[in-house]
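Taking UniProt numbering, I'd label the letters of the sequence shown as residues 1 to 181.
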Amino acid sequence: MTAGAERPLLFLDVDGPLIPIGGGPPKDSEGHAARAEATGAWDEMSNPLLSRLNPMHGARLTTLGCELVWASTWMADANEEVAPRIGLPGLPVIDLPEGDEAQLTPGLHWKTKALVAWAAGRPFLWVDDEISDVDRGWVATNHPGHPLLHRVDSRVGLSEPDFAAIERWLATHALSNQEIV
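Here is the structure:
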């Protein structure tokens with residue numbers, strides 16, 4: 001990458017990508033339930049979905065070489081309740097719009113404009129379970145470059161094919177930003 005190039009941003013949703021909405025807890029390589037440890041004020045009694053976090057995701061996400069950013073309704077709670085359970089440090093949190101602030105455009109996800117504004121021209125990936133073609137079209141028109149808007153199956157959460165798609169995009173992004181000597 002060029003000397004002035006910044007790492008791509010990876011905007012990360014929690015519900016769906018990290019906490020699958022269907023099924024049970026993730027399995028380890030031997031098929032046993034892999035459980036994230038309770039660490040904060042919330043526990044599985046107050047939010048049983050926390051048991052669905054895959055404790056291996058944090059290490060995998062940090063090796064991608066992106067600047068990870070929470071883009072979730074969990075807001076700062078993601079740093080307190082999700083990050084420690086999957087081995088992530090505290091991450092920046094996008095201040096997402098509420099109510100009328102969301103400036104809804106028909107079919108456009110309410111996060112889309114906020115993510116593009118936060119990116120401020122930087123390359124980015126957005127991993128969410130609610131991305132649509134309307135979002136892809138709007139981002140293509142309103143953001144320079146070629147960002148990746150990657151929709152995750154909310155019933156499964158982040159899986160190997162999702163990581164492969166992210167890694168392919170990152171490899172392509174790195175090649176397109178190399179200096180020509």
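C-beta: ideal position from N, C-alpha, C; glycine also. The structure displayed is predicted, hence computed values, not measured ones.
Here tryptophan 126 carries a strand assignment [DSSP, helix/strand/coil].
When DSSP assignments are scanned along the region 42 to 120, the uninterrupted stretches of alpha helix (DSSP H) that are 4 or more residues long and fall wholly within it turn out to be 57 to 62, 83 to 86 and 112 to 119. A direct Cα-Cα distance of roughly 31 Å separates alanine 119 from serine 51. Approximately 7 Å separates the beta-carbon atoms of proline 8 and leucine 170; this is inside 8 Å, confirming the contact. Comparing alpha-carbon positions, the option among Pro97, Gly22 and Val139 lying closest to glycine 157 turns out to be Gly22. The alpha carbon of alanine 59 has as its nearest neighbour, out of Val82, Leu88 and Glu67, the alpha carbon of Leu88. In the structure shown, aspartate 15 adopts extended strand secondary structure according to DSSP, grouped into three states. The three-state reading of DSSP puts histidine 150 in strand, counting E and B together.
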